[in-house]
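Protein chains in written order, with the numbering used here: chain S, 23 to 96; chain F, 435 to 1016. Even glycine gets a Cβ: it sits at the ideal position worked out from N, Cα and C. Each remark here refers to the structure printed beneath this line.
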Amino acid sequence: MAEGTGRGERLSIWFFVGLLPLLYGLVLFPYGVWEAMGHEAPTVLNQLHPTMWWGLLLLLFGAFYVIRFRPGKG
Amino acid sequence: MLSFAALGLALPTRQLTALAPIDIVVLVLYFVLVLFIGFYVKGATKTSEEFFLAGREMTAWIAGLSFVSANLGSLELMGWAGAAYQYGILATHWYWIGAIPAMLFLGIVMMPFYYISKTHSVPGYLQLRFGEGARGLSAASFAFMTILMSGVNMYAMAVVMQTVLGWNITFSIWVGAVTVAIYVMLGGLRSAIINEVLQFVLIWAGAALIPILGLIEAGGWTNLKAQIAVNVQSNTYTHLWSTLGTFKGNPMGIHWTGIVFGLGMIISFGYWTTDFLVVQRVLSANNLRSAKMAPIIGAAFKMAVPLIVIVPGLLALAVLKNPDGSIMHLVPAEVAKTTGQHTYDQVLPLMLIRYCGPGLLGLGITALVAGFMSGMAGNVSAFSTVWTYDLYGAYVNKKASDSHYVFMGRMSTVVGMLLAIATAYLVANAASIMDYVQALFSFFIAPLFGTVISGMLWKRATSAGGFLGLLAGTVSSIGMWVYTTFGTAEHKAAALARIALSPDAQPMAENMYRALWSWLICVGVTVIVSYMTKPKSDAELNGLVYGATVIPDDGAVTVWQKPIFWAILVSVVFFILNIVFW
Chain S
23 MAEGTGRGER LSIWFFVGLL PLLYGLVLFP YGVWEAMGHE APTVLNQLHP
73 TMWWGLLLLL FGAFYVIRFR PGKG
Chain F
435 MLSFAALGLA LPTRQLTALA PIDIVVLVLY FVLVLFIGFY VKGATKTSEE
485 FFLAGREMTA WIAGLSFVSA NLGSLELMGW AGAAYQYGIL ATHWYWIGAI
535 PAMLFLGIVM MPFYYISKTH SVPGYLQLRF GEGARGLSAA SFAFMTILMS
585 GVNMYAMAVV MQTVLGWNIT FSIWVGAVTV AIYVMLGGLR SAIINEVLQF
635 VLIWAGAALI PILGLIEAGG WTNLKAQIAV NVQSNTYTHL WSTLGTFKGN
685 PMGIHWTGIV FGLGMIISFG YWTTDFLVVQ RVLSANNLRS AKMAPIIGAA
735 FKMAVPLIVI VPGLLALAVL KNPDGSIMHL VPAEVAKTTG QHTYDQVLPL
785 MLIRYCGPGL LGLGITALVA GFMSGMAGNV SAFSTVWTYD LYGAYVNKKA
835 SDSHYVFMGR MSTVVGMLLA IATAYLVANA ASIMDYVQAL FSFFIAPLFG
885 TVISGMLWKR ATSAGGFLGL LAGTVSSIGM WVYTTFGTAE HKAAALARIA
935 LSPDAQPMAE NMYRALWSWL ICVGVTVIVS YMTKPKSDAE LNGLVYGATV
985 IPDDGAVTVW QKPIFWAILV SVVFFILNIV FW
């Protein structure tokens, strides 16, 4: 049974929990890489490239949950 | 818990920032996903049990995250970040002593009774324990207040969106309300819960960068404390308890007795154990052990929330600067109207803009929008349950079919949302209504806790005692509020000094002590009337009261499965944190 979404459904609530960060990671990480190549926004501590690293973190977190709770697994 | 007293809702003179195309993409992805979820779970939402209680099939983790998330609205975040800037680390009390003991108490002591009584709502429990009078009073007040609060939140959030992004108020109200109405109408509590769990992840994804980057900029916690002490000319802003020995010794003007007894023992217990908005999430658990574990899991996460709420407020005291490099001073909304400065409640958006460029800014704004929408969803799903079961089903149409009640649930979701929108426009035209609505909500919380806890722990409490205790507690709370709110300035100061026990008490303290007195009055009247009236037999109280109920085994075998083990662990961490930040 898909956890949280009801009897008979295929997609678990944890799949959705992973899907949104994964999508955000796919948007933010490439944008952060582009920013890190000399297009940083004028924010404090932008030399740490927060968009790139945060995007990567979201990508990994999201990918883990999406794969772990992908439809049909278990 | 109630928090937007600090939110100054003055219409802005200028917007703080604007969204880039990548921010819009991030925001749109969220809207698409929540609407998809609403349509996706509609097929699993056919019976009333599925619509109102998510089929009672949620695991402890889902129910627990939803339980803590239902309370983690965006106004909550911004209001308490502003309070942390204004009062310092004392604002953390609303997250720790003002939440953790009550959540653990709910899980270990109260949840077995809510769960095994198979009640569908808190008013439903009162009906089983005390009869129709107590149910009717609590259901009507809850339904009324939930709609009003939802409307007030809606308006407050629309003003925030106008302040931060320049969005039109009507646009914000309708886009948020229509989206929420669609997915709650389709998926009921299940939709609301899924959205709350998503929102919990989103809030951390959108807000956790602020304390991380802020602490890097400030040079760590020790340096931050030193900078705050210099900037505010006081070291009272970073101590949780050591300044609470006197009313004058701390920025909040409150005494430790008010925090411990008013906030820690009455207000927080009232909110976390009897407010149906949060309790409904736990009632959706799939078994008794999950129902007991859910509030404990929620408590563990709740302890971490000050990192994304309180720390940004404290960081702002040290790092926020004007363009000329001088320290930026935030002010109350009334002052900002004339001076054009930023207000306390703009701390979180200001810190977000400080560290987050395009993309991350969109993520932060989406987290705020998600918090706002899940708060509305929580209100409207709780309203439709109480309306359908405890008002419509109890007094209007007692013998309708299950499908009719589901239909009524869907309709009351839409009607509730329209009423909330109407309230939002009412508040837009008379902002002072907002203060009254918040006060109105506080009238019911403490007495309701008195009634529920007497009914749950004391066999001798009778129906008449429960009803009259609830009525007396509520009326006395209203009386004390009128006493301290209206009249000349001298009268109000004298009234506040009597209610809060000190001429040095600040308005924040009044709420604590009023809750304490109204709870005592409620319990006192319940006890006196109960001794004058005939109690129910043990057989009638089976499943409802301690001493008359054999609590079924929750199925835990190993120590790791036992809720009490995790409750003790959370308690130990709670004590350590309080000592570390003493």
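Within 10 Å of its beta-carbon, does residue i have 16 or more other beta-carbons around it, so buried, or fewer, so exposed?
i             : result
residue 61/S  : exposed
residue 441/F : Bear in mind that a pLDDT of 44 at residue 441/F, under 50, signals an unreliable position, so the number given afterwards is only what the model happens to contain. By the neighbour-count rule (16 or more Cβ atoms within 10 Å), residue 441/F is buried.
residue 552/F : exposed
residue 774/F : exposed
residue 617/F : buried
residue 971/F : exposed
residue 864/F : exposed
residue 657/F : exposed
residue 629/F : buried
residue 950/F : buried
residue 688/F : buried
residue 32/S  : exposed
residue 438/F : Residue confidence is low: residue 438/F scores 40 on pLDDT, short of 50, so the model does not pin down where it sits. Its coordinate-derived value is still stated next. So residue 438/F ends up on the buried side.
residue 837/F : exposed
residue 94/S  : exposed
residue 435/F : Because residue 435/F carries a pLDDT of 48, less than 50, the predicted location of this residue cannot be relied on, and the following value inherits that uncertainty. Buried, since its Cβ has 16 or more Cβ neighbours within 10 Å.
residue 667/F : exposed
residue 780/F : buried
Measure the beta-carbon distance from residue i to residue j and round it to whole angstroms, keeping in mind my assumption that it falls under 8 Å.
i             : j             : result
residue 581/F : residue 901/F : That pair is no contact at about 24 Å.
residue 636/F : residue 451/F : Residue 636/F to residue 451/F, Cβ: 19 Å. No contact.
residue 550/F : residue 754/F : So it is not a contact: roughly 51 Å between Cβ atoms.
residue 797/F : residue 46/S  : 6 Å
residue 929/F : residue 917/F : 5 Å
How big is the Cα-Cα spacing for residue i and residue j?
i              : j              : result
residue 1006/F : residue 527/F  : 16 Å
residue 480/F  : residue 486/F  : 10 Å
residue 968/F  : residue 895/F  : 9 Å
residue 627/F  : residue 595/F  : 24 Å
residue 89/S   : residue 25/S   : 15 Å
residue 811/F  : residue 497/F  : 15 Å
residue 643/F  : residue 786/F  : 9 Å
residue 446/F  : residue 832/F  : Low per-residue confidence applies at residue 446/F: pLDDT is 46, beneath 50, and the placement is therefore not dependable, though the value from the model is reported in the following sentence. Rounded to the nearest angstrom, the two C-alpha atoms are 49 Å apart.
residue 827/F  : residue 505/F  : 28 Å
residue 748/F  : residue 759/F  : 18 Å
residue 768/F  : residue 590/F  : 16 Å
residue 456/F  : residue 56/S   : 13 Å
residue 981/F  : residue 987/F  : 16 Å
residue 406/F  : residue 841/F  : The shown model of chain F, from 435 to 1016, leaves out residue 406/F, and the question about it has no answer.
residue 606/F  : residue 592/F  : 5 Å
residue 564/F  : residue 1002/F : 32 Å
residue 697/F  : residue 932/F  : 18 Å
residue 815/F  : residue 463/F  : 24 Å
residue 938/F  : residue 802/F  : 36 Å
residue 574/F  : residue 853/F  : 15 Å
residue 925/F  : residue 960/F  : 32 Å
residue 560/F  : residue 569/F  : 5 Å
residue 732/F  : residue 75/S   : 28 Å
residue 571/F  : residue 44/S   : 47 Å
residue 460/F  : residue 603/F  : 21 Å
residue 474/F  : residue 71/S   : 37 Å
residue 454/F  : residue 782/F  : 19 Å
residue 883/F  : residue 945/F  : 15 Å
Below 8 Å between beta carbons: does that hold for residue i and residue j?
i             : j              : result
residue 907/F : residue 888/F  : no
residue 737/F : residue 1011/F : yes
residue 730/F : residue 541/F  : yes
residue 806/F : residue 584/F  : no
residue 674/F : residue 690/F  : no
residue 712/F : residue 877/F  : no
residue 952/F : residue 910/F  : yes
residue 735/F : residue 499/F  : yes
residue 766/F : residue 521/F  : no
residue 37/S  : residue 83/S   : no
residue 692/F : residue 943/F  : yes
residue 488/F : residue 624/F  : yes
residue 839/F : residue 819/F  : no
So does the segment 470-485 of chain F actually touch the segment 589-599 of chain F, counting three or more Cβ pairs closer than 8 Å? no
Just checking, does the segment 501-517 of chain F make contact with the segment 966-979 of chain F on the three C-beta pairs under 8 Å criterion? no
Should the segment 719-736 of chain F be regarded as contacting the segment 533-552 of chain F, the criterion being three or more beta carbon pairs within less than 8 Å? yes
Three or more beta-carbon pairs under 8 Å between the segment 701-715 of chain F and the segment 528-535 of chain F, yes or no? yes
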